[in-house]
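*Asks:* One structure is given below, represented as structure tokens, and several questions about it will come after.
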Amino acid sequence: EAAVTQSPRNKVAVTGGKVTLSCNQTNNHNNMYWYRQDTGHGLRLIHYSYGAGSTEKGDIPDGYKASRPSQENFSLILELATPSQTSVYFCASGDVRGGNERLFFGHGTKLSVL
Amino acid sequence: GQGVEQPAKLMSVEGTFARVNCTYSTSGFNGLSWYQQREGQAPVFLSYVVLDGLKDSGHFSTFLSRSNGYSYLLLTELQIKDSASYLCAVLNNNAGAKLTFGGGTRLTVRP
Numbered sequence: 001e002a003a004v005t006q007s008p009r010n011k012v013a014v015t016g017g018k019v020t021l022s023c024n025q026t027n028n029h030n031n032m033y034w035y036r037q038d039t040g041h042g043l044r045l046i047h048y049s050y051g052a053g054s055t056e057k058g059d060i061p062d063g064y065k066a067s068r069p070s071q072e073n074f075s076l077i078l079e080l081a082t083p084s085q086t087s088v089y090f091c092a093s094g095d096v097r098g099g100n101e102r103l104f105f106g107h108g109t110k111l112s113v114l
Numbered sequence: 115g116q117g118v119e120q121p122a123k124l125m126s127v128e129g130t131f132a133r134v135n136c137t138y139s140t141s142g143f144n145g146l147s148w149y150q151q152r153e154g155q156a157p158v159f160l161s162y163v164v165l166d167g168l169k170d171s172g173h174f175s176t177f178l179s180r181s182n183g184y185s186y187l188l189l190t191e192l193q194i195k196d197s198a199s200y201l202c203a204v205l206n207n208n209a210g211a212k213l214t215f216g217g218g219t220r221l222t223v224r225p
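Those sequence lines, one after another, are chains A and B.
For the first sequence, the positions run 1 to 114 when my numbering is used.
For the second sequence, the positions run 115 to 225 when my numbering is used.
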């Protein structure tokens, strides 16, 4: 079974602080994604990546940066965290362009910005 | 642009069925996926459809009409444990590997 691991599981940050959410996958998938999930909005795509060194803007990229230093790792960076970024963040991996349209999700990171 | 819409809530009765609807608009449809998400957990893949018609997978079946921008997930012989949120996601051919999710439908199965 494919494995996607996120860290930390829970995070409390202060407004204006820097937050880094990490994601590791052992599936050798090319594509990785960062979504946030809020009540009433479902999953919204922040950034995604086609492979090491690649980052693409999703539907709501403002206030976020992403980094894909290797096939296995994909980070989401909040340089100046704001309370509106309080949410649950999910990382996922998959090869949706390879004919296998299944995403594997991590367990999520609950971020609270005070 | 691209939009994926789902009703927020659905209620049904144990032993019967539930149909979770999804409508979408996209300039380059390349397939639609369904995921189940239990409270406090990550989404889990259920099914992927790209061809019109009904795809019967037992407890979960999916239907797609590309001309109408419409899909549904059909759950039969409902059990209480089927209570969860069900998310549909559309893959846009013009946007590489970008998957856009709907808001999800929270299904409640009552005895």
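For each residue, glycine too, the CB sits at the ideal point set by N, CA and C.
Whole angstroms are fine: how far does the CA of serine 147 of chain B sit from the CA of glutamate 153 of chain B?
*Replies:* Taking the second sequence and counting its residues from 1, one reaches residue 153 of chain B at position 39. Taking the second sequence and counting its residues from 1, one reaches residue 147 of chain B at position 33. Distance between the alpha carbons of glutamate 153 of chain B and serine 147 of chain B is about 20 angstroms.
*Asks:* Tell me, which residues are paired with leucine 45 of chain A by DSSP?
*Replies:* Counting from 1 along the first sequence, the entry for residue 45 of chain A is found at position 45. A/Tyr35.
*Asks:* Check for me: the beta strand (DSSP E) holding aspartate 170 of chain B runs from which residue to which?
*Replies:* Taking the first residue of the second sequence as position 1, residue 170 of chain B is located at position 56. Run containing aspartate 170 of chain B: 167-171, per the beta strand (DSSP E) assignment.
*Asks:* Give me the Cα-Cα distance between glutamine 37 of chain A and serine 87 of chain A, rounded to the nearest whole angstrom.
*Replies:* Locating residue 37 of chain A in the first sequence gives position 37, where the first residue counts as 1. Locating residue 87 of chain A in the first sequence gives position 87, where the first residue counts as 1. The straight-line gap from Cα to Cα measures roughly 6 angstroms.
*Asks:* So, for threonine 219 of chain B: in the same chain, excluding its five sequence neighbours on each side, which residues have a beta-carbon less than 6 angstroms away from its beta-carbon?
*Replies:* Here residue 219 of chain B corresponds to residue number 105 of the second sequence, with the count starting at 1. Here the set comprises Gln120, Pro121, Leu124, Val134 and Tyr200.
*Asks:* Assign lysine 195 of chain B to one of two classes, buried (16 or more other C-beta atoms within 10 Å of its C-beta) or exposed (fewer than that).
*Replies:* For the purposes of this step, residue 195 of chain B is taken as residue 81 along the second sequence, with counting starting at 1. By the 10 Å Cβ count, lysine 195 of chain B comes out exposed.
*Asks:* Figure out for me which residue from A/Pro69, A/Tyr48 and A/Ser70 has the closest Cα to the Cα of proline 61 of chain A.
*Replies:* Residue 61 of chain A sits at position 61 when you count from the first residue of the first sequence. When each option's Cα is compared against that of proline 61 of chain A, the closest is A/Tyr48.
*Asks:* Pull the bridge partners of glycine 77 of chain A from the DSSP assignment, please.
*Replies:* Within the first sequence, numbered from 1, the residue matching residue 77 of chain A stands at position 77. In the sequence on display, residue 77 of chain A carries isoleucine and not glycine. DSSP, once it has assigned bridges, lists A/Thr20 and A/Lys65 as partnering isoleucine 77 of chain A.
*Asks:* Under 8 angstroms between C-beta atoms, does tryptophan 34 of chain A make it to chain B?
*Replies:* Residue 34 of chain A sits at position 34 when you count from the first residue of the first sequence. Not one chain B Cβ lies under 8 angstroms of tryptophan 34 of chain A.
*Asks:* Please classify glutamine 155 of chain B: does DSSP put it in a helix, a strand, or coil?
*Replies:* By one-based count along the second sequence, residue 155 of chain B stands at place 41. Here glutamine 155 of chain B sits in coil by DSSP.
*Asks:* Mind checking if tyrosine 184 of chain B is an interface residue toward chain A, Cβ cutoff 8 angstroms exclusive?
*Replies:* Locating residue 184 of chain B in the second sequence gives position 70, counting from the first residue. No, because no Cβ of chain A sits closer than 8 angstroms to the Cβ of tyrosine 184 of chain B.
*Asks:* Taking just the CA atoms, how far does leucine 80 of chain A sit from glycine 17 of chain A?
*Replies:* Residue mapping note: residue 17 of chain A aligns to position 17 of the first sequence, counting from 1. Residue mapping note: residue 80 of chain A aligns to position 80 of the first sequence, counting from 1. For glycine 17 of chain A and leucine 80 of chain A, the distance between alpha carbons rounds to 5 angstroms.
*Asks:* How would you label leucine 165 of chain B, buried or exposed, when you count the other beta carbons within 10 angstroms and need 16 or more for buried?
*Replies:* As a first step, residue 165 of chain B is located in the second sequence; it is residue number 51 there, counting from the start. By the neighbour-count rule (16 or more Cβ atoms within 10 Å), leucine 165 of chain B is not buried but exposed.
*Asks:* Which two residues bound the contiguous beta strand (DSSP E) that contains valine 223 of chain B?
*Replies:* Your numbering for residue 223 of chain B matches position 109 in the second sequence. Run containing valine 223 of chain B: 219-224, per the beta strand (DSSP E) assignment.
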